[in-house]
Amino acid sequence: MDIIKEATAFENAKMSHMSTSDRIMASKEAKRLVLAINEIYKKTKSPKLMDVMKRITSKKKKIELRLYGRPNLGL
């Protein structure tokens, strides 16, 4: 379960004062972690893994919101 340790480290990492390239790298790292955890989740169906994926995804969304801004909805 080394991927869980990586996910925990990612969750606890400070995301303030990041450059644009740092945000892009963090977003890619979050995607890699979620996909890796998802492969384990498919086999075990553990609710703890689902919770970890949800927390990482929410952090990824915050990073991407800062990167790309809010989507333009029909203007």
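Taken in order, the sequence shown gives residues 3 to 77; the numbers are from this note's numbering. Using N, Cα and C, we set each Cβ at its ideal position, and we do this for glycine too.
I'd like to know whether the C-beta atoms of isoleucine 58 and leucine 51 end up nearer to each other than 8 Å.
no
Taking the alpha-carbon positions, what's the arginine 34 to methionine 55 distance?
11 Å
So, lysine 62 versus alanine 32, is the Cβ gap smaller than 8 Å?
yes
Cutoff 7 Å; reference glutamate 13; Cβ partners in own chain excluding five residues on either side
Closer than 7 Å at Cβ, skipping near neighbours: Arg57, Ile58, Lys61.
Flag this pair as yes or no: are the beta carbons of isoleucine 5 and alanine 28 separated by less than 8 Å?
no
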